[in-house]
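Undergrad:
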């Protein structure tokens, strides 16, 4: 199984007010325009502002996320600070913490950091969905098929396998599909932009070939356990018979449904 | 005062976020579905309280679920509106500056018109006086269809009106920006675009078409409620709201969230078997 960076859950599902503890990420900061303020700096910053001002700024951050997330575009911390947080950057961690709490308590969404290096965030549905394993929307259904193939094959597949799979389902990437339109574009562009898939060039291939992997949003949103369950039904087998996949599906907290992992990064 | 928000409220809100606007029957069905999915108490007559709870938590974000009437069918709708900016710039994330200018010009035409409509010809003609980068004919047509798709405008037979969602969301903006021009319905006191006007030159009150239907229902001789002159316009038939709940919920429920409880397990089974069918091709 290929090594992947697992997305981290930014905020715990904890409604109680946290006491000062350092909420700031300890990792290296490569955002050239922004240095993460220390806890004491945040405290000092808060003292200079009225609650109303902080609430207003939190509201703006929430709005910004909701608009971006509607299009499934991840939010970059650099953009957030530049366009929304602006003068309040000295209390940035506090604002983000409050925004995360709002997403959880009001919207039932979880703020997830999908890229610790580049500081990118997405919103993921936090509500228990009973039918998550069988999506109804055709596009999601197709995506689910692709994700299943990748997962069962160990996490990475050459693109031809995916195209052949789709062809067998009468979804030909070379032709314009009635429902999906330009299938190749949907899979290699739309799904990739939304971070459901990764489409990476395999070096030294002629003609150029790519491979598919799960994207960061898929890691955060789709339950591997459910995929395995579905496979089990399909083949009339116990999911445990796929030892490797079963182990993977049930080891990491983010791969099972309704995770209440409190891993703070 | 506000009760705690539960997952039933959150699911309702998430669905509203995807759809933007929902009719009253859809709202009731969705409310029921959300409560049943999350095993919470469901009281059919408490929809407005349920929404109030959500609104009390949305208020700090300058968002609200507001109720309004459709000028076309007189039905009540619930729309999730953004009140942070009292200007159309809240659309600026989806539209370019010149597209927003054209939308403003279209709104000018509609507000200034007697029948609350703007023809596509008139809209195309206004591009001549644009101050930002002029839109070509094809670009204008494409923009108009996007605005209809995003539920800001409605179109019928080449004429454009403000959608119900647009009216509910922009009412405060319109009242401010078009202070002297906008019309108000004499019966319901809300802003009015498609309406009938009293012919008496000293009166001139306006009434929404559905409000006319409701107010004058059954009267043999309709008279203006303000000046008592004979009301000369054709009284539209009073439309009863459709009682079919099934229709609304199927239209409104979004991707990944299923239909009303009675059909939920059916649809889940259906979709599962579709996927199984797909997969068995590969075995």
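Chains as they are written, first to last, in the UniProt record's numbering: chain A, 1 to 265; chain S, 1 to 283. C-beta: ideal position from N, C-alpha, C; glycine also.
(1) Does the beta-carbon of residue 228 of chain S have 16 or more other beta-carbons within 10 angstroms, so that it is buried, or is it exposed?
(2) Let me see if you follow: with CB-CB separation under 8 Å, is residue 271 of chain A close to chain S or not?
(3) Taking Cβ-Cβ distances below 9 Å as the criterion, which residues of the segment 43-60 of chain A are in contact with chain S?
(4) Taking 7 Å as the line, does the beta carbon of residue 43 of chain S fall inside it for any heavy atom of the ligand GDP?
(5) What are the complete alpha helix (DSSP H) segments, minimum 4 residues, inside the segment 7-66 of chain S?
(6) Is any beta-carbon of chain S found at less than 8 Å from that of residue 96 of chain A?
(7) Against chain A, which members of the segment 46-69 of chain S pass a CB distance test of less than 9 Å?
(8) Using the C-alpha atoms, what's the distance from residue 238 of chain S back to residue 214 of chain S?
(9) If you check the beta carbons only, do residue 181 of chain A and residue 197 of chain A fall under 8 Å apart?
(10) Check whether the segment 82-101 of chain A and the segment 44-52 of chain A touch, using three or more Cβ-Cβ pairs below 8 Å as the test.
(11) At which residues does the alpha helix (DSSP H) containing residue 42 of chain A begin and terminate?
(12) Counting only beta-carbon separations shorter than 8 Å, does residue 24 of chain A have a partner in chain S?
(13) At 7 Å on the CB atoms, spell out the chain S contacts of residue 67 of chain A, in chain order.
(14) Between S:19, S:21, S:31, which has its C-alpha nearest residue 7 of chain S's C-alpha?
(15) Using beta carbons (cut-off 8 Å, strictly below), is residue 7 of chain S in contact with chain A?
(16) For a contact defined as C-beta to C-beta under 8 Å, what are the partners of residue 105 of chain A on chain S?
(17) Can you find a C-beta in chain A that's less than 8 Å from the C-beta of residue 165 of chain S?
(18) What did DSSP end up calling residue 163 of chain A once you bin it into helix, strand or coil?
(19) Looking at residue 78 of chain S and residue 27 of chain S, is the spacing between their C-beta atoms short of 8 Å?
(20) Taking 8 Å as the CB-CB cut-off, is residue 84 of chain S touching chain A?
(21) With distances taken from CA atoms, which of A:117, A:150, A:57 is nearest residue 222 of chain A?
(22) Do residue 50 of chain S and residue 25 of chain S have their C-beta atoms within less than 8 Å of each other?
(23) Give the straight-line distance between the Cα atoms of residue 204 of chain S and residue 164 of chain S, rounded to the nearest whole angstrom.
(24) Assign residue 101 of chain A to one of three DSSP states: helix, strand, or coil.
(25) Would you say residue 14 of chain S faces chain A, with C-beta separation under 8 Å as the test?
(26) Helix, strand or coil for residue 193 of chain S per DSSP?
(27) Would you mind giving the Cβ-Cβ distance between residue 74 of chain A and residue 120 of chain A, rounded to the nearest angstrom? I have them listed as a contact below 8 Å.
(28) Could you spell out where the beta strand (DSSP E) holding residue 78 of chain S opens and where it closes?
(29) Under the assumption that residue 106 of chain S contacts residue 160 of chain S (Cβ atoms under 8 Å), give the Cβ distance between them as a whole number of angstroms.
(30) Whose CA, out of A:107, A:67, A:95, lies closest to the CA of residue 37 of chain A?
(31) Specify the secondary structure class of residue 217 of chain A as computed by DSSP and reduced to three states.
(32) Measuring alpha carbon to alpha carbon, tell me which of S:181, S:189, S:216, S:226 ends up nearest residue 114 of chain S.
(33) Taking 8 Å as the threshold, find out whether the segment 217-236 of chain S comes into contact with the segment 193-200 of chain S through three or more Cβ pairs.
(34) Give the secondary structure of residue 145 of chain S by DSSP, where H, G and I count as helix, E and B as strand, and everything else as coil.
(35) Looking only at C-alpha atoms, which of A:224, A:203, A:188 sits nearest to residue 212 of chain A?
(36) Would you identify the three-state DSSP class for residue 171 of chain A, choosing helix, strand or coil?
TA: If we stick to the structure as given:
(1) exposed
(2) Since the displayed chain A opens at 1 and closes at 265, residue 271 of chain A lies outside it and no answer follows.
(3) If the cut-off is 9 Å between Cβ atoms, the segment 43-60 of chain A has 55, 56, 58, 59, 60 near chain S.
(4) For the ligand GDP, the structure offers nothing, since it holds no ligand at all.
(5) 7-19, 24-37, 47-58
(6) no
(7) Listed in sequence order: 54, 57, 58, 60, 61, 62, 63.
(8) 6 Å
(9) no
(10) yes
(11) 39-47
(12) No answer about residue 24 of chain A holds up, because its pLDDT of 38 lies below 50 and its placement is not dependable.
(13) 93
(14) S:31
(15) yes
(16) 5, 57
(17) False, the Cβ-Cβ gap to chain A never drops below 8 Å.
(18) helix
(19) Against a cut-off of 8 Å, the Cβ pair of residue 78 of chain S and residue 27 of chain S comes out as a contact.
(20) Answer yes: the Cβ-Cβ gap between residue 84 of chain S and chain A drops below 8 Å somewhere.
(21) Nearest C-alpha to residue 222 of chain A: A:150.
(22) no
(23) 24 Å
(24) helix
(25) yes
(26) coil
(27) 4 Å
(28) 76-82
(29) 6 Å
(30) The option with the nearest alpha carbon to residue 37 of chain A is A:95.
(31) Here DSSP, grouped into helix, strand and coil, assigns residue 217 of chain A to helix.
(32) S:181
(33) yes
(34) Helix, per DSSP.
(35) A:188
(36) coil
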